[in-house]
Every structure is written in C-alpha cells, then in structure tokens.
Amino acid sequence: MANKLSAADIQRRSISVKLTVFNKMVDGKSTSTEDSDEEIMDGVGQHKGKRKKRDSNSSNKRSRMDTELDNDQDVSELHSDVEPTRVTRSVTAWQKKLGPNEVEFEPFRTPYHCQPRFDTSHYDTFLFKRMSCIVTPDGEILIQHSNINDLIAVHKNWPTYRNQRLGAVGGYLGKGTRKWGFKGYTVLGNFALFHLGGLHFFSGVHQSFNHTTLVDELKSLMVANYHLDVFKKRALHYGVILPRIHYNAEGAFIGELIVEDDTIPAPSYGAADTRTMPYNTFLATRLLDLTGRVEIRFTDLEGKLGRDVADQEEVDCIFAAFTHSVLVHSDHTMIVTDIQGIFLDDGELVLYDPQVHSVSKEWSLADEGRVIINCFLRQHQCNEYCRKLHLEGASPESIPPLPAVENQTGSVAPGEVTPPLSQLPRSTGSVMLPPLSALPSHSRGPLRIGAQWVYISSEIFIALFSGFSPTKY
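Each number in my numbering corresponds to the 1-based position in the sequence shown with 30 added.
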C-alpha cells in the first residue's frame, strides 16, 4: 500500500511538474524543460523509462507551441505597418512605411566648404573705417567717423553673377533700380552691402557720387526709423494697437575702404568687371533672409498707396497714417515715402530703402522738396487710423514755398542767428568759439559768413562767426 501510494504520489507530482513547465513556457520564463524534469526526477527517484516518455511528450508539446507562436507572429505581421530591415549602422533597424499623404524631407546640405586644403580662400578681405549715425532725441542725424580699422570679407567674383539671372548665388544678392547687393562678413555679423548700379547706373558712376548717395541713404534710413518710433509712441499714447514693424536700421553703417592711392583700377575696355569692391564706399545693413519671400511696396515715391481703395488692407491704412504722421510730427517740413519691406516668419514686418523729402529740398540729392509733400496732401484721405491717432484735420491742403533766405526780414527761430562776438563767453586762456553747426551736405548755393559768400561742396562742420575761414579749418 505504501508503494502504491508512493507511485500515485509520484504520478501526481509528475503531472504537476508538466503543468508548471507548460505555464513557464507560455510565459517565456522557462528555458529548458529537460533540465527541470531531470531536477525533479532526481529528487523523487530513479524512473528513467517514465522520464524518457515524459521527455517525448514535452518535446511534442514544445513543437506544437512553437508552431502556434509562429502562426501568431505571421498574423501580427499582416496587421503591422512596419517592416524589418537589415541591421546597419543606422540609429534604428526598423523603418516606418510612409503614408500616401506624407512628404519625404529633402537631404540636408552642409554649409561647410569641404576644401581639403586651407591655404586658399573664396573671399577677399578689405580694411575699412566705419561711418555711423547718431540719432538725437529730437531727430537730428549726426555723422560719426570711427578711427578704428575694421576688416570685412566679401565673396570673390560675385559680380560675375549679376547678369546670369540665377538669383542669390555666390555672394550676389540681387539688383534694384539703383544698387547692387552682395554679402559681406565682419566680426559683428553678416551684412548686405550695396554699391550704386542696377538699372540706372549699370555703366558705373564716379567714386564721389557713389559715396555721397550712399551716405544720403544711410541718413534717410535712420530718420525714417526715428519717425516710425515716434509713430509707435503716438499710437501707444492714444491706445492704438499696431503690428510689429521696424526699419532695418540697427547696426547699419557706411564703410570707407582704406586704399593707398584712393582708387581701384577699372577693368580694361570690353573686359568683364569682376572686381569684388568696385567702389571705395559701401552701405551695409543687416542681412535679411529673403528666401521664398515677396517684397511688398506699400507706397510709391509720392507717398501714394500701391493698391486701389477696394483692395486696400489694414496695413495699407496704417502706412497711410504713418506717412501723414511724419508730416504732422515734423511740422510739415518732411515726409517719408517709398515704404517697402518683407514679412518674416514670425509675422514681423521689416522695412528698408525709404525716400525722404523736405521743404528745404536739401536733405539729399534725391530730395524733391515740397512737390512731393503737396502731392501727398492732395491725394491723401484720412482713414480709421488717422482718426484714432488724432491726425485728421491736422494738415493744411498744401505747403507754401519757403521764403528766400536773402528776403527774410522777420523774426527767426532761436539759435539760428549767431550772437555777436561781444556776447560770446570769454576765457583768459583761449578764445571760446561758438557751438558748431551742421551744414547741409548738398548746399544749393553759397553760404554767407559775415560779409563774404563761401561755396562749400562737402559736408563739414564750421563755426559761424565773423573772421573764421572754413578753408583753414
């Protein structure tokens, strides 16, 4: 009886062992049924014949389970959206299939030059001195000359792309009606450089004309940005919300090349002009990414909106009000026209290359005076923004011409007349000179100093009092 109970006991234990091994195989927690059977049977007794039969049964069960697992894997692969790939050095060996509406990315292109040697360069470097603008709180634009030598790098042979219609390539940015644009690099960042050229000056200009015109454009950029800031302050004062707008004036400067003979040799007759720096003076502004962007011209040279009333949008009304505000803020002595720019990815509008006209017609060579001002006043109709900013009714119908200087007999504004020498402060050590006054860079006639008429052809600073000679300054 004891032996029979012992045999039954062993049989129950054997069945229990088989169930345990089966469950472990399903859960993936067992690695070898044979080892488990051997360990259990060694602990119970020596039953080699039965162990062989059990091993055979276990082998058959494992075979059936493997077949079922293979079938399940085949079914799961039919419903999966991934496909296995050959293991490589890539980050992952599984790639998701692209859907019908998904777009593949273009290959990334490195900006590195990939030159095997480092003794050659694709750039020409030039020493130059910087000319910047100081903008006072009341809107005066003062020129500041730096004595520090700076270095700028420019792409070699960028002029060869000017007429190939390839767009911005090889350092060439593009051309307008009056200027060429190309890239330049300094320690302060990347800049767009400009020389006179384009459609109007394609055959070249004199060095002095290029210098004078670019200095005028820098001053126009600065004064336009100043009036835009005043316009924003007016809007803030009256609680009017404006979009983000600014002129590309921050960091702009004039560069004057340091050359020994003050001239750059021109190419021979009939040869292509491949000079990196055709002129000694260049205008530099912050480089804007124009890729895929469209330039929008909001107003023309006369300040007129570029679109009909039916097609005008809110931003057009804002710039019409801005042009009107410049007249009001300057007491109708100045106007900013030719407003143009691009929208950035964040929605901000960047403006550049404005035109400035003044009543005196002395701001720049392109200043057409009160003709442009009166043209704007005749065609302008105040809009919603003009009314919100209290500009409506603040301007006359036209501006009369300024009286001739020689015919002025009435009172003048304080500070325009130099006090007599008897009123000047004196010191025992040296004679104190009166404050310096800035002369217009392009005087239309002679300047009267004391009893003499003096012709001034360049922008200088001169103390206005009797006996002072500008030729000995």
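Note that beta-carbon positions come from the ideal geometry of N, C-alpha and C, so glycine has one too.
Collapsed DSSP secondary structure at residue i in the structure displayed
{"i": "serine 176", "result": "strand"}
{"i": "methionine 307", "result": "coil"}
{"i": "serine 428", "result": "coil"}
{"i": "tyrosine 382", "result": "strand"}
{"i": "histidine 354", "result": "helix"}
{"i": "phenylalanine 406", "result": "helix"}
{"i": "isoleucine 16", "result": "Given that the chain is displayed from residue 31 to residue 503, the structure contains no residue 16 and the question cannot be resolved."}
{"i": "threonine 216", "result": "strand"}
{"i": "threonine 367", "result": "strand"}
{"i": "lysine 251", "result": "According to the sequence shown, residue 251 is leucine rather than lysine. If DSSP states are grouped into helix, strand and coil, leucine 251 belongs with the helices."}
{"i": "lysine 263", "result": "helix"}
{"i": "valine 199", "result": "strand"}
{"i": "valine 112", "result": "Reliability of the predicted coordinates at valine 112 is poor, the pLDDT of 47 falling under 50, and no value is obtained from them."}
{"i": "alanine 396", "result": "coil"}
{"i": "isoleucine 271", "result": "coil"}
{"i": "alanine 222", "result": "strand"}
{"i": "arginine 139", "result": "coil"}
{"i": "aspartate 246", "result": "helix"}
{"i": "histidine 387", "result": "strand"}
{"i": "serine 238", "result": "helix"}
{"i": "cysteine 563", "result": "In this structure the chain extends from 31 to 503, so residue 563 is not present and cannot be described."}
{"i": "arginine 316", "result": "strand"}
{"i": "lysine 418", "result": "helix"}
With 16 other Cβ atoms within 10 Å as the buried cut-off, status of residue i
{"i": "serine 151", "result": "exposed"}
{"i": "tyrosine 382", "result": "buried"}
{"i": "leucine 407", "result": "buried"}
{"i": "arginine 400", "result": "buried"}
{"i": "histidine 387", "result": "buried"}
{"i": "arginine 264", "result": "buried"}
{"i": "leucine 196", "result": "exposed"}
{"i": "isoleucine 164", "result": "exposed"}
{"i": "proline 433", "result": "exposed"}
{"i": "glycine 423", "result": "exposed"}
{"i": "alanine 340", "result": "exposed"}
{"i": "asparagine 413", "result": "buried"}
{"i": "threonine 315", "result": "buried"}
{"i": "leucine 172", "result": "exposed"}
Rounded C-alpha distance that separates residue i from residue j
{"i": "valine 253", "j": "phenylalanine 148", "result": "44 angstroms"}
{"i": "proline 465", "j": "serine 176", "result": "Its pLDDT being 45, under 50, proline 465 is placed unreliably by the model, and nothing is read from it."}
{"i": "leucine 335", "j": "phenylalanine 328", "result": "6 angstroms"}
{"i": "glycine 333", "j": "serine 425", "result": "15 angstroms"}
{"i": "phenylalanine 352", "j": "glutamate 136", "result": "43 angstroms"}
{"i": "arginine 417", "j": "tyrosine 256", "result": "22 angstroms"}
{"i": "alanine 183", "j": "leucine 218", "result": "12 angstroms"}
{"i": "leucine 248", "j": "alanine 282", "result": "7 angstroms"}
{"i": "threonine 140", "j": "leucine 395", "result": "45 angstroms"}
{"i": "isoleucine 275", "j": "isoleucine 372", "result": "10 angstroms"}
{"i": "isoleucine 403", "j": "glutamine 411", "result": "14 angstroms"}
{"i": "tyrosine 153", "j": "phenylalanine 224", "result": "17 angstroms"}
{"i": "valine 366", "j": "glutamate 170", "result": "15 angstroms"}
{"i": "tyrosine 142", "j": "glutamate 280", "result": "29 angstroms"}
{"i": "glutamate 134", "j": "histidine 267", "result": "50 angstroms"}
{"i": "glutamine 237", "j": "methionine 307", "result": "12 angstroms"}
{"i": "aspartate 361", "j": "aspartate 168", "result": "13 angstroms"}
{"i": "serine 162", "j": "leucine 244", "result": "12 angstroms"}
{"i": "glycine 211", "j": "valine 356", "result": "29 angstroms"}
{"i": "alanine 198", "j": "glutamate 378", "result": "23 angstroms"}
{"i": "valine 380", "j": "lysine 262", "result": "15 angstroms"}
{"i": "glutamine 194", "j": "asparagine 187", "result": "13 angstroms"}
{"i": "leucine 320", "j": "glutamate 286", "result": "26 angstroms"}
{"i": "histidine 420", "j": "glutamine 174", "result": "36 angstroms"}
{"i": "leucine 258", "j": "proline 189", "result": "35 angstroms"}
Best match in the options for proximity to residue i [C-alpha to C-alpha]
{"i": "threonine 363", "options": "Trp393, Leu266, Arg327 and Gly423", "result": "Trp393"}
{"i": "leucine 331", "options": "Gln370, Thr306, Lys205 and Phe312", "result": "Gln370"}
{"i": "phenylalanine 221", "options": "Cys163, Asn404, Leu317 and Val260", "result": "Leu317"}
{"i": "serine 428", "options": "Gln409, Ala198 and Leu419", "result": "Gln409"}
{"i": "phenylalanine 239", "options": "Gly201, Leu379 and Asn310", "result": "Asn310"}
{"i": "arginine 323", "options": "Thr367, Pro273 and Asp376", "result": "Asp376"}
{"i": "leucine 313", "options": "Thr321, Phe138, His241 and Gln237", "result": "His241"}
{"i": "aspartate 397", "options": "Phe138, Arg337, Asp368 and Glu343", "result": "Asp368"}
{"i": "histidine 230", "options": "Leu172, Thr207 and Gln145", "result": "Thr207"}
{"i": "aspartate 180", "options": "Arg160, Tyr277, Pro167 and Pro146", "result": "Arg160"}
Whole-number beta carbon distance between residue j and residue i, since they are thought to touch under 8 angstroms
{"i": "serine 250", "j": "proline 384", "result": "6 angstroms"}
{"i": "leucine 157", "j": "isoleucine 288", "result": "4 angstroms"}
{"i": "valine 260", "j": "histidine 359", "result": "5 angstroms"}
{"i": "lysine 213", "j": "histidine 185", "result": "6 angstroms"}
{"i": "lysine 205", "j": "glycine 227", "result": "6 angstroms"}
{"i": "cysteine 347", "j": "tyrosine 277", "result": "Going by Cβ atoms, the distance from cysteine 347 to tyrosine 277 rounds to 19 angstroms, so no, they are not a contact pair."}
{"i": "valine 389", "j": "proline 273", "result": "Contact doesn't hold; Cβ gap of about 30 angstroms is too wide."}
{"i": "tyrosine 202", "j": "tyrosine 215", "result": "Actually they do not touch by this definition, with Cβ atoms about 15 angstroms apart."}
is_contact[residue i, chain E] using C-beta, thresh 8 angstroms
{"i": "valine 366", "result": "Absent from the structure is chain E; it holds one protein chain and no more."}
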